[in-house]
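Be aware that the sequence shown starts at 270, since it is given in the working numbering, and climbs by one per residue.
From the three backbone atoms N, C-alpha and C, an ideal C-beta is built for every residue, glycine too.
None of these values were measured; they are calculated from a predicted model.
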Amino acid sequence: MNNIDQGEYTYNTDHEMTILRFESIDGKNEIGMINFYPVHAVNLNNTNLLVAGDNKGYASYLFEKLKNPSGTLSGQGAFVAAFGQSNEGDVSPNLMGPKCIDTGLPCEFYTSTCNGRSEKYLYDKAQVFINGNGIVNFRYTYVDMQTINVSSHFTSTGRNETTCQAALGYAFAAGTTDGPGDFDFTQSANSTNIFWAILNHLIIIFSNLLKETWTSDSHIVIAGLANSYSHYITTYEEYQQQRYEGASTLYGPHTLAAYQQTFYDSSLKLARNESVPSDPQPFDMRIKTFSFVLPPIPDGLPIDKNFGDIITDVDSTYKPGDTVRYIWWGANPRNDLFTEKSFLYVDRLLNQTWVTILTDDDLETHFLWKRQFIDNSIITVEWDIPTTQQTGQDLYRLRHVGVKKILLVVDSTMDNQKILLLATKFLSINFVKNI
Numbered sequence: 270m271n272n273i274d275q276g277e278y279t280y281n282t283d284h285e286m287t288i289l290r291f292e293s294i295d296g297k298n299e300i301g302m303i304n305f306y307p308v309h310a311v312n313l314n315n316t317n318l319l320v321a322g323d324n325k326g327y328a329s330y331l332f333e334k335l336k337n338p339s340g341t342l343s344g345q346g347a348f349v350a351a352f353g354q355s356n357e358g359d360v361s362p363n364l365m366g367p368k369c370i371d372t373g374l375p376c377e378f379y380t381s382t383c384n385g386r387s388e389k390y391l392y393d394k395a396q397v398f399i400n401g402n403g404i405v406n407f408r409y410t411y412v413d414m415q416t417i418n419v420s421s422h423f424t425s426t427g428r429n430e431t432t433c434q435a436a437l438g439y440a441f442a443a444g445t446t447d448g449p450g451d452f453d454f455t456q457s458a459n460s461t462n463i464f465w466a467i468l469n470h471l472i473i474i475f476s477n478l479l480k481e482t483w484t485s486d487s488h489i490v491i492a493g494l495a496n497s498y499s500h501y502i503t504t505y506e507e508y509q510q511q512r513y514e515g516a517s518t519l520y521g522p523h524t525l526a527a528y529q530q531t532f533y534d535s536s537l538k539l540a541r542n543e544s545v546p547s548d549p550q551p552f553d554m555r556i557k558t559f560s561f562v563l564p565p566i567p568d569g570l571p572i573d574k575n576f577g578d579i580i581t582d583v584d585s586t587y588k589p590g591d592t593v594r595y596i597w598w599g600a601n602p603r604n605d606l607f608t609e610k611s612f613l614y615v616d617r618l619l620n621q622t623w624v625t626i627l628t629d630d631d632l633e634t635h636f637l638w639k640r641q642f643i644d645n646s647i648i649t650v651e652w653d654i655p656t657t658q659q660t661g662q663d664l665y666r667l668r669h670v671g672v673k674k675i676l677l678v679v680d681s682t683m684d685n686q687k688i689l690l691l692a693t694k695f696l697s698i699n700f701v702k703n704i
């Protein structure tokens, strides 16, 4: 939009995709891949309440399904596909333009990127470009971004400049077209419409300037998200516009130049096998943070109800394309986050043995929790049966696994006084429904 170098680029976004393909030493087994492509992982809008990996997570899910043996559960296969992030900037994945949350109609009709449809082809065509033995080297350093003196060699002004204390501009609160903010802030203070189309033209991605810092015989991949999030980084010229990305650049108009200078110094030390400074160490912010999220309270039930009692039962039979929905009284899923496990399972009866075919990590399943009153929990488990699902007299079952938190009233005598002690106890619950 305010890019002084726009004539040097063929496209308004970076179309380069990089794939690292990993094989066993003997070359007989595929181990995995890492994909780098610059696009925002925000196909789902900010009204979605389900835990999901969005477009990058779904790409990993599908690629692993493709490369692992049939029937392998998600996340349990030997082949691992990672769709990492590169210099995504604010490149939208919405090919047909962002949609308004309330109507579903297009907000704008600007195409941003192909969203990486070529991963499989590129993976198959990947070649070995490093022969022999080599090393993986790195440099890791902490930098106080608020106090950097930036050389004129890197600044757009041609003068020595400094960064400033971290701050966000008003336009940051306005949000973007894909994810508008909740308050009445606007871009560049020239509109009062919070749904105004912010991204009329995509900004220049700063990584192109960073890449110029290295030599032409290097293949540079910018990992846009690493360890922590430092908001957007725009050019000096884009910063002056103070739209969403410029207002999100934390350390002032010379933030990009400071990064260029820092990466330049670190790359020289890496090439010369020299060490980098270990100071200043960052302040441990954990001692100053707090959470508004309270721990789960003990689970309760309506009168005459038990855990697992049915609210909405399943039908007797289903066909491919149907949705199975089962609703019952349950417990708060925050009692146990079930890391590396699942809140629901779809099992199929094979040779008199129940075999799990889907978990809550699969796109066809949904696990929903709803609080009723103060301590009651309504659990909904859904399975969208694929149209390709095998038919016949096969039996399936839905399982929900969770933990309930209850209060125990314990009588105890101390100093001849009756004391009521409240203690928490966690009990496993396993609800099964045959279909």
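Nearest candidate by alpha-carbon position, reference S585, set R594, D578, V349: Working through the sequence shown from its first residue, we reach residue 585 at position 316. Nearest C-alpha to S585: R594.
T628 to D295 span [Cα, whole Å]: One-based indexing of the sequence shown puts residue 628 at position 359. One-based indexing of the sequence shown puts residue 295 at position 26. Those two C-alpha atoms are separated by around 34 Å.
Is Q621 a contact residue of the ligand ADP, with contact defined as CB to any heavy atom under 7 Å? Of ligands this structure carries none, so the ligand ADP is not represented either.
For the beta strand (DSSP E) that G340 lies in, which residues bound it at each end? Along the sequence shown, one-based indexing puts residue 340 at 71. It is not in any beta strand (DSSP E) - G340 carries neither H nor E in the DSSP assignment.
Q641 lies in the beta strand (DSSP E); which residues open and close that run? Here the question's residue 641 lines up with position 372 in the sequence shown. Note, Q641: beta strand (DSSP E), 634-641.
Near E277, what residues of its chain come up, given a Cβ to Cβ distance below 7 Å and the 5 sequence neighbours on each side ignored? Translated into positions along the sequence shown, residue 277 becomes position 8. Nothing listed; no residue qualifies.
For F305, report the span of its alpha helix (DSSP H) as first-last. In the sequence shown, residue 305 corresponds to position 36, counting from 1. Per DSSP, F305 belongs to no alpha helix (DSSP H); it is in the beta strand (DSSP E), 299-306.
With 16 other Cβ atoms within 10 Å as the buried cut-off, status of A328: Here residue 328 is taken as the residue at index 59 of the sequence shown, counted from 1. By the neighbour-count rule (16 or more Cβ atoms within 10 Å), A328 is buried.
Cα-Cα, which of K538, D413, G569, T649 is closest to L319? Locating residue 319 in the sequence shown gives position 50, counting from the first residue. Among K538, D413, G569, T649, the Cα nearest to that of L319 belongs to T649.
What's the gap between the Cα of G438 and the Cα of L563? As a first step, residue 438 is located in the sequence shown; it is residue number 169 there, counting from the start. As a first step, residue 563 is located in the sequence shown; it is residue number 294 there, counting from the start. Going by the C-alpha atoms only, they are around 31 Å apart.
To the nearest angstrom, report how far apart A350 and T531 are at their CA atoms. Here residue 350 corresponds to residue number 81 of the sequence shown, with the count starting at 1. Here residue 531 corresponds to residue number 262 of the sequence shown, with the count starting at 1. In a straight line, the C-alpha of A350 is about 31 Å away from that of T531.
Own chain partners of Q550 with C-beta closer than 7 Å, once the 5 adjacent residues on each side are dropped: As a working note, residue 550 is residue 281 in the sequence shown. Around Q550: Y411.
Per the contact definition of three or more C-beta pairs closer than 8 Å, is the stretch 637-656 in contact with the stretch 566-575? yes
Quick check on the DSSP output: the beta strand (DSSP E) that includes D616 runs from which residue to which? One-based indexing of the sequence shown puts residue 616 at position 347. 613-619 is the extent of the beta strand (DSSP E) around D616.
Where does the unbroken alpha helix (DSSP H) through E292 begin, and where does it stop? Numbered from 1 along the sequence shown, position 23 holds the residue referred to as residue 292. That residue, E292, is in no alpha helix (DSSP H); its beta strand (DSSP E) goes 287-292.
Nearest to N406 by alpha carbon, out of E543, W598, W597? Translated into the one-based positions of the sequence shown, residue 406 becomes position 137. Looking at the Cα atoms, E543 is the closest of the given residues.
Pop quiz: I572 and W597 are said to be a contact at Cβ under 8 Å. What is the actual Cβ separation, rounded to whole angstroms? Sequence index remark: in the sequence shown, residue 572 carries index 303 (1-based). Sequence index remark: in the sequence shown, residue 597 carries index 328 (1-based). Wrong, their Cβ atoms sit about 16 Å apart, outside the cutoff.
Under the rule that 16 or more other beta-carbon atoms within 10 Å means buried, what is P362, buried or exposed? Counting from one through the sequence shown, the residue named residue 362 turns up at place 93. Buried.
With DSSP as the reference, label Q354 as helix, strand or coil. Taking the sequence shown and counting its residues from 1, one reaches residue 354 at position 85. Here Q354 sits in strand by DSSP.
So which of H422, G353, E514 has the shortest CA-CA distance to M286? In the sequence shown, counting from the first residue as 1, residue 286 sits at position 17. Closest by alpha carbon: G353.
With K639 and F576 assumed to form a contact (beta carbons below 8 Å), what rounded beta-carbon distance in angstroms separates them? As a working note, residue 639 is residue 370 in the sequence shown. As a working note, residue 576 is residue 307 in the sequence shown. Not confirmed; about 15 Å, so no contact.
DSSP has V650 in a bridge; who is on the other side? Residue 650 sits at position 381 when you count from the first residue of the sequence shown. Beta-bridge pairing links V650 to Y595, F636.
Reduced DSSP secondary structure (H/G/I, E/B, other) of E507: Locating residue 507 in the sequence shown gives position 238, counting from the first residue. Reduced to three states, the DSSP call for E507 is helix.
To the nearest angstrom, how far is the alpha carbon of L539 from that of Y533? Taking the first residue of the sequence shown as 1, we reach residue 539 at position 270. Taking the first residue of the sequence shown as 1, we reach residue 533 at position 264. In this structure, the alpha-carbon of L539 lies about 10 Å from that of Y533.
So, at 7 Å on beta carbons, what are the nonlocal neighbours of D413 in its own chain, with the 5 sequence-adjacent residues on each side left out? To locate residue 413, count along the sequence shown from 1; it is residue 144. Only P549 meet the Cβ criterion.
Specify, as a first and last residue, the run of the alpha helix (DSSP H) that T524 falls within. Here residue 524 is taken as the residue at index 255 of the sequence shown, counted from 1. Note, T524: alpha helix (DSSP H), 524-540.
Have a look at T424 and D283 and give me their C-alpha separation to the nearest angstrom. What you label residue 424 is simply residue 155 of the sequence shown in a count that begins at 1. What you label residue 283 is simply residue 14 of the sequence shown in a count that begins at 1. Approximately 23 Å, taken between the alpha carbons.
Neighbourhood of T581 by C-beta distance below 6 Å, restricted to the same chain and skipping five residues each side: Sequence index remark: in the sequence shown, residue 581 carries index 312 (1-based). For T581, where only same-chain residues beyond five positions count, the Cβ hits under 6 Å are I596.
Using a Cβ-Cβ cut-off of 7 Å (strictly less than) and excluding sequence neighbours within five positions of I273, which residues of its own chain qualify? Here the question's residue 273 lines up with position 4 in the sequence shown. These residues qualify, in order along the chain: E506.
I'd like the span of the alpha helix (DSSP H) that includes E514, first residue to last. For this step, residue 514 is matched to residue 245 along the sequence shown. First-last of the alpha helix (DSSP H) with E514: 513-516.
Can you tell me the Cα-Cα spacing of W652 and D323, whole angstroms? By 1-based counting over the sequence shown, the position of residue 652 is 383. By 1-based counting over the sequence shown, the position of residue 323 is 54. Each residue's Cα considered, the two are about 19 Å apart.
By how many angstroms is the C-alpha of L632 removed from the C-alpha of T625? Here residue 625 refers to the residue found at position 356 of the sequence shown. Here residue 632 refers to the residue found at position 363 of the sequence shown. Whole-angstrom Cα-Cα distance: 15 Å.
Give the single residue among A492, S517, Q509 whose Cα lies nearest to the Cα of H500. Translated into positions along the sequence shown, residue 500 becomes position 231. For H500, the nearest C-alpha among the options comes from S517.
Which residues DSSP lists as bridging Y627, in chain order: Within the sequence shown, numbered from 1, the residue matching residue 627 stands at position 358. The sequence given here places Leu at residue 627; Tyr does not occur at that position. DSSP lists V615 as partners of L627.
Cα-Cα separation, N317 to G340: Stepping through the sequence shown from its first residue, residue 317 is reached at position 48. Stepping through the sequence shown from its first residue, residue 340 is reached at position 71. Using only the alpha carbons, I get a separation of about 29 Å.
When we look at the beta-carbon of K325 and count the other beta-carbons within 10 Å, is it buried (16 or more) or exposed? Your numbering for residue 325 matches position 56 in the sequence shown. By the 10 Å Cβ count, K325 comes out buried.
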